[in-house]
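Asker: In this note's numbering, the protein residues as written are 37 to 338. Quick reminder that beta carbons are idealized off the backbone N, C-alpha and C, glycines included. Sharing a structure below in structure tokens format, with a few things to ask.
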Amino acid sequence: MNERRNHTTQQNSPVTVIGLGPMGRAMARTLLTAGHPVTVWNRTAGRADGVVADGATLAATPEEAVAASGLVILSLTDYRAMYDILGGATEALAGRTLVNLSSDTPDRTREAADWAAGQGAGFLAGGVMVPAPMVGTEAAFVYYSGPEKVMEHHRTVLAPLGTVRYLGGDPGLAQMMYQAQLTVFLTTLSALLHATAMLGSAGMKAVEALPELLSSADSISDILRAGEERPGGALDAGEHPGHLSTVTMMGATADHIVETSRALGLDPALPLAVRAHYRRAIADGHGGDNWTRIIDGIRAPR
């Protein structure tokens with residue numbers, strides 16, 4: 037009976053959202069749809085108009101926003117903004133839980149967790165891994181880290197935002213995963229546009245090039261899974277068998293991409309960075325190993 041009562045209370049508990057960019061507004065609306073009373077605050081108050089029209093309550097100050105709910109979600113540019121906004125509301129933080137879904141470094145995230153604890157507040161770090169229009173959909177998922185007890189207490193409330201993926205007690209873990217995921221995402225975006233510019237120099241329109249390039253990008257996960265039941269297992273074991281591809285072979289391809297880019301007058305920064313990984317591995321005597329050997333140079337750059 038107590039568990040049922042707690043579950044019901046969590047389902048209907050008030051939530052505060054601070055920061056009303058596209059992501060903050062999407063989260064506020066998702067929580068309203070899930071039945072939670074939502075209080076919002078933003079430096080530019082006019083950004084709250086839409087969510088207030090949908091049923092949210094606009095707080096006059098950060099302190100009022102924090103005091104309105106036991107769970108306070110932050111969707112800000114970075115962690116510095118958290119201190120700027122909440123620095124004058126510290127007396128209201130005791131007994132609350134901050135869920136900071138802003139981007140920053142893992143170290144700054146850990147420092148923020150310590151700061152919150154010093155104010156008597158719980159703290160979870162998180163990273164939303166979908167764009168704002170996808171928040172609250174079946175495709176949405178959010179990484180979290182911080183004290184497990186705090187995570188489990190608020191899991192039901194946070195679940196509507198996206199599938200909860202809890203990584204562990206270190207507050208920096210969710211931020212690390214978020215940055216790792218964005219490393220793949222941002223690098224892929226740059227690669228797609230570099231390749232589009234390449235093809236554009238030959239007269240191919242983006243509308244023709246991108247479908248081909250996206251098909252190639254979609255196939256990468258299948259290629260990496262081929263021949264390895266658990267992707268990453270060989271990396272963890274320090275094994276780099278070169279029977280299918282080698283550092284030397286991939287490095288030659290990287291050379292050709294740099295040469296082509298330069299001949300076309302394109303910015304070579306991205307292909308040069310990629311080529312540097314292979315040249316380092318070859319210089320270290322690993323030309324015959326699988327291309328995965330480049331991770332050694334990434335781990336210990338000169």
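#1: Could you name the residues of the same chain whose beta carbon sits closer than 7 Å to that of D254, not counting the 5 residues immediately before and after it, in chain order?
#2: For A62, collect the residues of the same chain with a Cβ closer than 8 Å to its Cβ; drop the 5 residues on either side in sequence, then sort them by chain order.
#3: Closest to T328 by C-alpha separation, out of G274, L110, E188, would be which residue?
#4: DSSP state of R41, grouped into three classes?
#5: When you compare only the Cα positions, how much space is there between V283 and L271?
#6: Which residues share a DSSP beta bridge with R201?
#7: Kindly identify the DSSP beta-bridge partner or partners of V108.
#8: Just to confirm before moving on: does the CB-CB distance between Y314 and I330 stay below 8 Å?
#9: How many angstroms separate the CA atom of G321 from the CA atom of T289?
#10: Should A305 be labelled buried (16 or more other beta-carbon atoms within 10 Å of its own) or exposed?
#11: Which residues does DSSP list as the beta-bridge partners of T173?
#12: Which of the three DSSP states is assigned to A103 in this structure?
#13: With distances taken from CA atoms, which of A309, A96, E264 is nearest D291?
#14: Curious, which full-length beta strand (DSSP E) runs of at least 3 residues does the region 224-267 contain?
#15: Which residues does DSSP list as the beta-bridge partners of T93?
#16: Would you say the region 180-188 touches the region 158-166, given that touching needs at least three Cβ pairs under 8 Å?
#17: Would you call the region 104-120 in contact with the region 47-56, where contact means no fewer than 3 C-beta pairs closer than 8 Å?
#18: If you count every other CB in all the chains shown that lies within 10 Å of the CB of H5, and 16 or more means buried, which is it?
#19: Work out the CA separation of L203 and A210 for me, nearest whole Å.
#20: Taking Cβ to Cβ, would you say N326 is nearer than 8 Å to S281?
#21: Is the beta carbon of G208 sitting closer than 8 Å to the one on F177?
Answerer: Inspection of the coordinates gives the following:
#1: none
#2: A168, P169, V171, G172
#3: G274
#4: Residue placement at R41 is flagged as unreliable, the pLDDT there being 42, under the threshold of 50; the coordinate-derived value follows with that caveat. Looking at R41 - three-state DSSP - the assignment turns out to be helix.
#5: 15 Å
#6: Y179
#7: T52, L134
#8: yes
#9: 18 Å
#10: exposed
#11: Per DSSP, none; premise fails for T173.
#12: helix
#13: A309
#14: none
#15: T75
#16: yes
#17: yes
#18: Lying outside 37 to 338, the shown extent of the chain, residue 5 is not represented and no answer is given.
#19: 7 Å
#20: yes
#21: no
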